[in-house]
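Colleague:
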Amino acid sequence: MGKYVLKRLLALIPTILIIVFVVYFIMELTPSDPGTLILGQNASAEAIAAKNAELGYNDPFFVRYFKYILNLCKGDLGVSWTNNKPVFDLVMARFPVTIILAAGATLIGVVFGVLLGVLAAVKQYSGWDIAGTSLAMILASFPAFWIGMMLIILFSLKLGWLPSYGTDSFKSYILPWFTTACGFVASQLRMTRTSMLECIRMDYIRTARAKGQKERIVIYRHALRNALLPVITIMGMNFGAMLGGTVTVETVFTLNGVGTLLLASIRSKDIPVVVGAIVIIAVCYTLVMLVVDIAYAFIDPQIKARYLKK
Amino acid sequence: MAKELNGRAPDAGTPLLEVKDLEVVYKTDENVIHAVNGISFSLNERETIGLVGETGAGKSTTALSILRLLPERTGHITNGEILFRGENLLKKNPAEIRLVRGAEISIIFQDPMTALNPVLTVGSQVRESLEIHNYDNKSHEELDARVDELFNLVGIPADRKKEYPHQFSGGMKQRIVIAIALACQPQLLIADEPTTALDVTIQAQVLMLMEELKKKLGTSMIMITHDLGVVAETCDKVAVMYAGEIVEYGSLKDIFSGEKHHPYTVGLFQAIPNLDVKTDRLQPIDGLMPDPAALPPGCKFSPRCPHCTEQCRSGIPSLYENEGHRIFCNLYAERE
Chain A
1 MGKYVLKRLL ALIPTILIIV FVVYFIMELT PSDPGTLILG QNASAEAIAA
51 KNAELGYNDP FFVRYFKYIL NLCKGDLGVS WTNNKPVFDL VMARFPVTII
101 LAAGATLIGV VFGVLLGVLA AVKQYSGWDI AGTSLAMILA SFPAFWIGMM
151 LIILFSLKLG WLPSYGTDSF KSYILPWFTT ACGFVASQLR MTRTSMLECI
201 RMDYIRTARA KGQKERIVIY RHALRNALLP VITIMGMNFG AMLGGTVTVE
251 TVFTLNGVGT LLLASIRSKD IPVVVGAIVI IAVCYTLVML VVDIAYAFID
301 PQIKARYLKK
Chain B
1 MAKELNGRAP DAGTPLLEVK DLEVVYKTDE NVIHAVNGIS FSLNERETIG
51 LVGETGAGKS TTALSILRLL PERTGHITNG EILFRGENLL KKNPAEIRLV
101 RGAEISIIFQ DPMTALNPVL TVGSQVRESL EIHNYDNKSH EELDARVDEL
151 FNLVGIPADR KKEYPHQFSG GMKQRIVIAI ALACQPQLLI ADEPTTALDV
201 TIQAQVLMLM EELKKKLGTS MIMITHDLGV VAETCDKVAV MYAGEIVEYG
251 SLKDIFSGEK HHPYTVGLFQ AIPNLDVKTD RLQPIDGLMP DPAALPPGCK
301 FSPRCPHCTE QCRSGIPSLY ENEGHRIFCN LYAERE
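Going down the list, the protein sequences come from chains A and B. By UniProt numbering, the letter at position 177 of the first sequence is numbered 177, and the numbering carries on one by one without gaps. By UniProt numbering, the letter at position 77 of the second sequence is numbered 77, and the numbering carries on one by one without gaps.
#1: Below 8 Å on C-beta distance, what does residue 365(B) contact in chain A?
#2: Assuming residue 24(B) and residue 35(B) make a contact with CB atoms under 8 Å, what is their CB distance in whole Å?
#3: Would a check of beta-carbon distances place residue 192(B) closer than 8 Å to chain A?
#4: On a Cα-Cα basis, can you pick out the residue from 109(B), 92(B) and 249(B) that is closest to residue 323(B)?
#5: Which ranges would you report for the alpha helix (DSSP H) in the segment 67-153 of chain B if only whole runs of at least 4 residues count?
#6: When Cβ atoms are compared, which residues of the segment 283-306 of chain A fall closer than 8 Å to chain B?
#7: Using CA atoms only, rank isn't needed, just tell me which of 147(A), 136(A), 96(A) and 97(A) is closest to residue 115(A).
#8: Can at least three beta-carbon pairs, one atom from the segment 146-162 of chain A and one from the segment 221-239 of chain A, be found at a separation below 8 Å?
#9: Is the beta carbon of residue 188(A) closer than 8 Å to that of residue 393(A)?
#10: Roughly how many angstroms lie between the CA atoms of residue 152(B) and residue 178(B), to the nearest whole one?
#11: Please classify residue 121(A) as buried or exposed, where buried requires at least 16 neighbouring CB atoms within 10 angstroms.
#12: Can you give the Cα-Cα distance for residue 242(B) and residue 166(B), rounded to whole angstroms?
#13: Using a cut-off of 8 Å between C-beta atoms, extract the partners of residue 133(B) located in chain A.
#14: Using a cut-off of 8 Å between C-beta atoms, extract the partners of residue 202(A) located in chain B.
#15: What residue does the beta strand (DSSP E) around residue 239(B) start on, and which one ends it?
#16: Could you check if residue 291(B) is buried or exposed, using at least 16 other CB atoms within 10 Å of its CB as the buried criterion?
#17: Check whether chain B comes within 8 Å of residue 226(A), counting only Cβ atoms and requiring the distance to be less than that.
#18: Can a CB atom of chain A be found closer than 8 Å to the CB of residue 93(B)?
#19: In whole angstroms, give me the CA-to-CA distance for residue 103(B) and residue 184(B).
#20: Note down, in chain order, every chain A residue with its Cβ under 8 Å from the Cβ of residue 416(B).
#21: For residue 30(A), which option in 266(A), 154(A), 59(A) and 211(A) has the closest C-alpha, if you only look at C-alpha atoms?
#22: Quick one: grab the DSSP three-state call for residue 164(B).
#23: Which term fits residue 66(B), buried or exposed, when burial requires 16 or more other beta carbons within 10 angstroms of its beta carbon?
#24: Could you check what DSSP says for residue 272(B) in three-state terms: helix, strand or coil?
#25: Return helix, strand or coil for residue 169(A), following the three-state DSSP convention.
#26: Sort out for me which residues DSSP pairs residue 37(B) with in a bridge.
#27: How close, in whole Å, do the beta carbons of residue 262(B) and residue 329(B) come, if the pair is a contact with beta carbons under 8 Å?
#28: What separation, rounded to the nearest whole angstrom, lies between the Cα atoms of residue 144(B) and residue 128(B)?
#29: In three-state DSSP terms, what is residue 29(B)?
Okay, structure coming up:
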């Protein structure tokens, strides 16, 4: 198992090299002028040229790429061109907000999605099933910014129960969590339902019933555990996707997350911040996926056996 | 032994299981499938009855009906009674039937590869049966000891109980399924084609194991199979099923060496190879089983029967009975 994890961690290295290359390359395709960005519009042309030279911006693409990788190995993500702060600090200042948002929304998505999904599957074609699948469709169809605004109107404006912006307290996260979770609940519900429907038709479920086991235990002990693999995959994907930040939710609720930072940096062509943020997000995403894969092993002994062999 | 445990010995003469006029249909949106059409049979203590017939004859449906394990939405028992020690199983509520399942009546399913839960250890799956019906509050250690005992009983080293189903071969899985079924010493064991999914040598091993355990534990058994060889080895009584009906019913001797037979039984016997008689080809029964959604009006076997008459096509076949040997066929009807 440890060997498997180590292998996966080593695989991070080529992943990061490729990601940095792609991001660097895309940014290269659009013209930028770090000298002007740093010194401002009023600086003289000589000063700007000198600054560009100092930053190594006149070097060929590959030279800059390798220099960046070299610095990355030292743990140095560079300095922002717009405000001269270290990229790592800039991203990390934003990251907790994003993590809290992602974790809360994923948790809500899993709890509601799995519960409603199991209910819909166990009572297939019943009112529960129709209500559940309809809910999933509705939640998936409404855009997050609209749901966010409606929630603000209802809970902040009309009822005055919850704050509509900021990150001061637990309370201020509630609306963003539920706004983001809508799509998650929808995807988890559909996935759980499909996966459960498959599992409750299996022979081993009949074996469990033939033992005289209670229906509730048949569902939760025998069926759900087998149905969890795709559910966990979706969970990991939702959480991972959230790490990049959601610009809409962050904007609607004025949260200082990674999404808005990334967007602002792309707009101002602040390449070190863009690349740095993406590298950090990519590493986190890969780690999340590794956790998902390890979770598989704990659910399915056959997968565990396969990991142990490697 | 199970009888003493439960302390409810049936009166002598009352059969352990009595199935009367059982009718089962599967309803789908498109049509109604008549899977079992009014079958009756009975089984005494320590007896084994064989349900024989082709795929789709309603054998498994009968088995599932006894434990009320038919698919909830589609399978419906429309008529009949299933009396187990005089109590009608069809009248029991879900909580009551759960007390019967696994404890008094157990079932071994056809395919051992899928009958075990892949994410639970085999030991915990055997143990589960014991835990569900642990009425005299046995301790953890006692249950563990019983699990070990069961593993030994079916010939699997007890230290393998921590392993998962994928670590076992098909034959061993079926042994575990048997251990699960026998865990609570049921009085009736239903074996639904227990050896069909196994290869021939393993089939013999599993059958021998079942025979041995049946004798040891004094269990009655319903052996569902399409293999007449298995029937000859294990059964006391035989019911030959065709299109949801029992066409012939009698003791093993009646079926295997009796003089009169239903034409379908004759067909079945002609379709198995005989070592003593040299034949170039086996003789199959012409035609196919009728579509259970559109059964023929008269005798269900009439479209394939070599002795079919006009009377067979329209009316219900008459019953020939001779000392418990019953044949539903006009062939032996007393001419009036």
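Ideal placement from N, C-alpha and C gives every residue a C-beta, glycine not left out. Only a predicted model underlies this, so the values are computations on that prediction, with no experimental measurement involved.
Modeller: According to the data block:
#1: Because chain B in this structure spans residues 1 to 336, residue 365(B) falls outside the shown range and cannot be described.
#2: 5 Å
#3: no
#4: 249(B)
#5: 94-100, 112-115, 122-132 and 140-153
#6: 299, 300, 301, 302 and 305
#7: 136(A)
#8: no
#9: Outside the displayed span of chain A (1 to 310) sits residue 393(A), for which this structure offers no information.
#10: 12 Å
#11: buried
#12: 36 Å
#13: 212
#14: 114
#15: 237-242
#16: exposed
#17: yes
#18: no
#19: 5 Å
#20: This structure leaves residue 416(B) out entirely; chain B is present only between 1 and 336.
#21: 266(A)
#22: coil
#23: buried
#24: coil
#25: coil
#26: 23(B)
#27: 5 Å
#28: 11 Å
#29: coil
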